[in-house]
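Only one structure is covered here, and it is reproduced in the block below.
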Amino acid sequence: MSRITRLGLAVVIAALPVVLPAPTASAQDDSAVEQTKEITNYGKDTTRNATVRVSRTANLFDRQQVRVDLAGFEPTWNANNTAVNGTRLQYPVVVMQCRGVDPDPTTCANEERLQWQAGFDVNATPSQRAVAERQSRPGDPSVYPGADLNEQYANLFRAEQLPFAAANGTSYLWRLETRSDGVPFIDEPNLKSFPPTDVTSEGAATINTRNIPIRPDGTNAFLFEVRQRASQSSLGCSDTQACSIVVVPIMDMACLDELSEDKPLPAEALNCGKPGRGPAPGESGATDDVNPFAASQQWHAESNWRNRFVVPISFAPDLQSCDVRDSRPPLPAYGSELVAVAQERWGAAYCTGARRADYLPVYTQGSEYFARRQLTTQLGAAYQQNAVFTSQPVTESPRPVAHAPTAITGFAVAFVVDDGNGAQVQNMTLSPRLLAKLITQSYNPIIVPPAARDGKKPYDGTQSIPDAATAARYYVAHPALFNNPQSLFADPEFADLNPDFALRSGTDALAPHLRNTINPMVFTVESDIMMDITRYVTGDPAARAWLDGQPDPYGMRVNPAWLNLEPTQIYTLLDTWVRPAMPRKEGWLESKIGVLTDRQFVYGGGDTCDEVHGTEYLTKVANVANAAKATALMLLDRRGSATPICTQTIAPVPTGQQAAEPQFPGDDVTQDVRFNETKIAPVDYGKRAQLALTTVAHAALYGLPTARLVNSAGQAIGPAPGTMRSALHAATVDPVTGTVQIDHTRVGADGYPGTMVAYTAVPTSGLDLATAGRYADFIEFMATTGQVPGPTLANLPPGYDPLPPSLVRQAKDAAAAVRAQRGEVPAALDDPVGEDTPPAVDQQAPAANPGSGLPVNAQNADDAKDADPERLAKTEDASSWLARWSIPLLIGFGLLAALVAFCVQVGARPDHPLRRGLDGLLRAVGRR
33 MSRITRLGLA VVIAALPVVL PAPTASAQDD SAVEQTKEIT NYGKDTTRNA TVRVSRTANL
93 FDRQQVRVDL AGFEPTWNAN NTAVNGTRLQ YPVVVMQCRG VDPDPTTCAN EERLQWQAGF
153 DVNATPSQRA VAERQSRPGD PSVYPGADLN EQYANLFRAE QLPFAAANGT SYLWRLETRS
213 DGVPFIDEPN LKSFPPTDVT SEGAATINTR NIPIRPDGTN AFLFEVRQRA SQSSLGCSDT
273 QACSIVVVPI MDMACLDELS EDKPLPAEAL NCGKPGRGPA PGESGATDDV NPFAASQQWH
333 AESNWRNRFV VPISFAPDLQ SCDVRDSRPP LPAYGSELVA VAQERWGAAY CTGARRADYL
393 PVYTQGSEYF ARRQLTTQLG AAYQQNAVFT SQPVTESPRP VAHAPTAITG FAVAFVVDDG
453 NGAQVQNMTL SPRLLAKLIT QSYNPIIVPP AARDGKKPYD GTQSIPDAAT AARYYVAHPA
513 LFNNPQSLFA DPEFADLNPD FALRSGTDAL APHLRNTINP MVFTVESDIM MDITRYVTGD
573 PAARAWLDGQ PDPYGMRVNP AWLNLEPTQI YTLLDTWVRP AMPRKEGWLE SKIGVLTDRQ
633 FVYGGGDTCD EVHGTEYLTK VANVANAAKA TALMLLDRRG SATPICTQTI APVPTGQQAA
693 EPQFPGDDVT QDVRFNETKI APVDYGKRAQ LALTTVAHAA LYGLPTARLV NSAGQAIGPA
753 PGTMRSALHA ATVDPVTGTV QIDHTRVGAD GYPGTMVAYT AVPTSGLDLA TAGRYADFIE
813 FMATTGQVPG PTLANLPPGY DPLPPSLVRQ AKDAAAAVRA QRGEVPAALD DPVGEDTPPA
873 VDQQAPAANP GSGLPVNAQN ADDAKDADPE RLAKTEDASS WLARWSIPLL IGFGLLAALV
933 AFCVQVGARP DHPLRRGLDG LLRAVGRR
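Everything in the sequence shown is counted per my numbering, starting at 33 for the first residue and increasing by one.
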């Protein structure tokens with residue numbers, strides 16, 4: 033190689049890392065916002081620079097989570113105590129959603145609205161100061177006028193509560209208390225003493241307010257859920273009503289020395305400006321004794337409110353708000369939740385005009401099993417369905433059926449878990465065997481230490497136990513699980529796979545919230561998704577051996593109710609063990625206040641609900657739902673469907689129904705104590721440990737972290753862009769239908785093992801040509817324009833990988849067969865991946881109307897057919913001329929640099945042969 037060539041190549045190689053553009057992951061909306069400003073601690077007259085970063089602020093969907101990063105804030109006192117939604121923290125940061133881009137405290141959704149402490153702030157508003165001047169302590173109704181106590185309390189609430197102004201004009205004082213007869217203290221047309229109903233219904237304690245502890249270094253990061261009008265109408269955020277994420281750091285107020293010359297500060301106000309109580313930042317331990325002037329309820333005190341960060345956010349159109357008066361013929365399709373997120377978004381694109389057509393796609397979510405049956409079953413002269421979404425093939429159909437590839441996605445294990453230090457976990461790895469342990473309910477639900485079992489007998493509820501000495505001879509434990517770990521996080525196998533997971537708290541013991549039996553949220557409908565989850569588990573040799581009875585390396589065994597588990601479409605709770613209640617003494621009674629008395633203590637014994645209802649114990653603590661979407665929402669709600677709590681209510685017994693004599697000594701025949709199995713309250717932030725089996729797309733929609741799953745190559749891979757498409761290299765093709773299924777024993781090192789492919793199955797004969805043409809057009813849209821990732825409704829949402837060229841061709845062939853209605857079924861493709869072309873993730877998304885989520889120019893059906901990912905995949909990176917010409921330019925620059933270097937070398941050496949030749953030529957020219 034010549035010196036010139038070597039020099040030019042060296043210049044090119046040296047320039048590559050600097051000049052080549054970084055790869056673009058996707059064209060998803062990149063609307064991250066970062067704000068840095070100086071905030072003031074008015075009580076100490078100090079300042080600091082703080083930063084708030086929000087990962088996404090535009091085209092948001094209801095209940096989506098965004099990442100919030102905080103830096104430069106004042107560290108939190110009592111940071112290890114996250115009880116009661118963080119209200120026992122001191123100097124936290126309060127994060128909430130407010131209506132408007134320049135909100136005031138009345139438009140912020142936050143249940144903490146007491147104004148008394150805020151009135152002792154030098155910067156207090158007149159209304160806050162008035163409350164402080166009237167009251168000697170918060171909540172004292174005696175200083176307010178009224179004919180009775182109820183009226184005094186009503187006036188107290190009017191004065192002391194900062195109203196929340198709902199979108200419909202009604203103000204709420206956000207107090208849970210009612211009068212003794214259950215009637216609200218205030219229920220006027222425009223003013224209510226109680227909270228908005230959309231934050232007090234089932235699961236609504238999950239109102240999107242966070243009280244965030246700040247680490248000693250001034251930082252923290254967490255996920256924050258945003259609400260659209262669909263789930264929180266009182267806040268009213270929508271694609272037409274802008275809202276904000278508001279971040280308020282709690283610091284010291286500038287406090288009053290006295291209220292007035294003749295009115296000194298009340299004793300409780302002397303804490304204003306005093307430091308927090310309990311553990312200082314970085315110290316372990318916790319306390320319930322806090323300084324309320326440094327706590328989260330002071331977010332609306334003027335000294336704190338002045339330091340607020342306001343990050344405007346905008347929403348995509350509500351996917352459920354399509355006009356029911358649409359006159360276009362509906363195009364129904366039924367089936368798999370694998371396509372649910374994409375179908376809801378694509379359907380809204382048709383509905384809102386982002387995608388024009390003479391039909392309106394209407395998606396109904398349902399079991400794939402029932403979808404296939406309805407496609408092949410006639411109801412009278414017509415079939416129940418003419419288009420279904422499925423991942424397994426439609427078989428035994430009287431009509432020939434084409435299967436059009438529609439979506440590459442999969443199942444996921446989403447999680448909301450806080451580690452031993454209370455920080456939200458972002459990364460987790462699960463093996464097939466760990467997942468098998470979770471779904472087979474094999475963790476020990478009741479820990480009875482060996483010392484408590486030594487020399488004792490299991491209690492089954494039938495033994496006669498007349499006294500405490502007899503009771504001490506027994507214990508209650510699940511007969512098959514008592515030697516197994518109590519939870520996933522107590523399992524040594526989990527610790528081996530997750531060495532960076534902070535399992536232990538400051539006491540160097542497993543954090544209490546990680547000790548409880550973790551029952552993942554699981555859906556129980558007949559589903560291809562559950563089939564694939566169990567195929568993944570049972571296809572792994574180690575998990576298969578464990579399911580067949582072989583203990584894991586640490587001695588843990590499968591729950592025998594699930595022994596020899598095979599792949600299944602429906603998840604069924606199989607364990608029938610009923611926990612026996614603690615035995616009664618002879619004189620057991622129900623008191624009027626519902627307190628149970630006179631029971632003998634048996635270690636691990638159950639409660640009265642176990643006795644009354646006899647529910648299988650692992651069924652009581654299971655979290656089951658009817659859909660993958662529901663399991664994902666359980667994580668956002670911070671509680672599942674489990675009913676492990678035994679509550680008591682007292683009902684009067686009518687005179688004619690009262691027993692002649694008490695059933696037990698001391699029993700009151702006029703009162704009936706009823707025992708009910710109920711849910712736990714939503715888990716406090718910092719103490720969450722919940723997992724859910726759901727879809728990749730639903731996890732992405734709500735911003736839920738997902739576990740990396742160990743594949744057959746031994747690699748832990750998550751459902752990141754490209755990993756699902758990579759798993760197709762391990763797919764097997766059904767020779768009749770052309771559908772593919774992942775062979776979990778062959779997934780390569782970079783493939784996500786939870787990958788699944790969803791198909792649109794439509795008959796190729798028996799439909800009228802107009803209907804067939806519409807289905808064909810919709811199939812072509814889904815396989816082309818719909819495969820381009822991006823933020824608009826017509827784009828491919830996060831949680832899906834674009835179809836590779838071969839599957840696009842298969843979808844087009846299926847569309848042609850559907851349109852023709854001649855009974856033809858396209859031949860199966862040999863290779864589901866085909867040409868290894870990168871997915872079309874760099875395609876420039878259409879320009880959007882601000883805040884609408886819609887393209888400026890809606891694309892019509894004919895345009896959509898031309899938007900072929902086979903061509904889109906080859907387009908330039910974000911329409912960049914540099915991306916197209918980078919390599920030629922680099923080579924040119926390299927050659928130019930080599931030429932310059934060569935010329936410099938020639939000029940610096942008078943004896944160089946070329947220099948001597950040029951000098952001779954110039955002299956000859958001069959002589960002429």
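All C-beta atoms in this analysis are idealised placements derived from N, C-alpha and C, irrespective of residue type, glycine included.
- When DSSP assignments are scanned along the stretch 621-693, the uninterrupted stretches of beta strand (DSSP E) that are 3 or more residues long and fall wholly within it turn out to be 655-657 and 677-684.
- Between THR472 and TRP337, the C-beta gap is not smaller than 9 Å, which leaves the two residues out of contact.
- Secondary structure at GLN260: coil, using DSSP grouped into helix, strand and coil.
- In the three-state scheme derived from DSSP, where H, G and I count as helix and E and B as strand, ILE218 is classed as coil.
- For GLU376, no beta strand (DSSP E) segment is defined; the enclosing uninterrupted segment is the alpha helix (DSSP H) at 372-384.
- Straight through space, the alpha carbons of THR494 and ALA503 are spaced by roughly 12 Å.
- Its Cα nearest to that of ALA299, the residue PHE152 stands out among PHE152, THR777 and ALA759.
- Under the 10 Å beta carbon count, ASP669 is surrounded by 16 or more other beta carbons and is classified as buried.
- The DSSP-derived three-state label of SER537 is coil.
- Residue pairing by DSSP places ASN243 opposite VAL126 in a beta bridge.
- Here DSSP, grouped into helix, strand and coil, assigns LEU839 to helix.
- Looking from the CA of ARG465, the closest CA among LEU302, VAL742, THR396 and GLY718 belongs to VAL742.
- Distance between THR108 and TYR123, taken at the CA atoms: about 5 Å.
- Under a 10 Å Cβ-count criterion, GLN167 is classified as buried, with 16 or more other Cβ atoms of the shown protein chains found around its own Cβ.
- Per the coordinates, the alpha-carbon of TYR204 lies some 17 Å from the alpha-carbon of TRP148.
- Nearest to LEU605 by C-alpha distance, out of PRO511, GLY571 and VAL656, is VAL656.
- Going by beta carbons, GLY638 and VAL508 fall inside the 9 Å limit.
- The DSSP-derived three-state label of ASP153 is strand.
- The alpha helix (DSSP H) runs of length 4 or more contained entirely in the stretch 713-743 are, from start to end of the chain, 728-733.
- Its chain contains GLN518, SER519 and ALA522 as the residues whose beta carbon lies nearer than 7 Å to that of ARG547, once the 5 sequence neighbours on both sides are disregarded; these appear in chain order.
- The three-state reading of DSSP puts GLY118 in helix, counting H, G and I together.
- By the Cβ test, the stretch 267-287 is in contact with the stretch 125-134, since at least three Cβ pairs between them sit closer than 8 Å.
- If you look at TYR366, you'll find it isn't in any alpha helix (DSSP H); it sits in the beta strand (DSSP E) that goes 362-367.
- Going by DSSP, MET788 is part of the beta strand (DSSP E) stretching over 787-795.
- Across the structure, THR556 and THR319 are spaced so that their CA atoms are roughly 42 Å apart.
- Going by beta carbons, MET553 and GLY672 fall inside the 9 Å limit.
- Between the alpha carbons of GLY250 and ARG740 lies a distance of about 30 Å.
- Three or more beta-carbon pairs drawn from the stretch 786-798 and the stretch 750-766 are found closer than 8 Å, and the two stretches are therefore classed as touching.
- In this structure, HIS435 and ALA793 form a Cβ contact; the two beta carbons are roughly 5 Å apart against a cut-off of 8 Å.
- When GLN264, PRO795 and ASN516 are compared, the shortest CA-CA separation from ASN476 is found for ASN516.
- Here the alpha carbons of GLY818 and ILE811 stand approximately 10 Å from one another.
- Distances from the alpha-carbon of HIS761 to those of THR777, GLU220, GLY750 and PRO767 put THR777 closest.
- For LEU208, the number of other beta carbons within 10 angstroms of its own is below 16, and it is reported as exposed.
- In the three-state DSSP reduction, THR769 falls in the coil class, being neither helix nor strand.
- When C-alpha distances from PRO362 are compared across ALA380, PRO531, ALA348 and GLN273, the shortest belongs to ALA380.
- In this chain, the beta strand (DSSP E) harbouring ARG99 covers 97-103.
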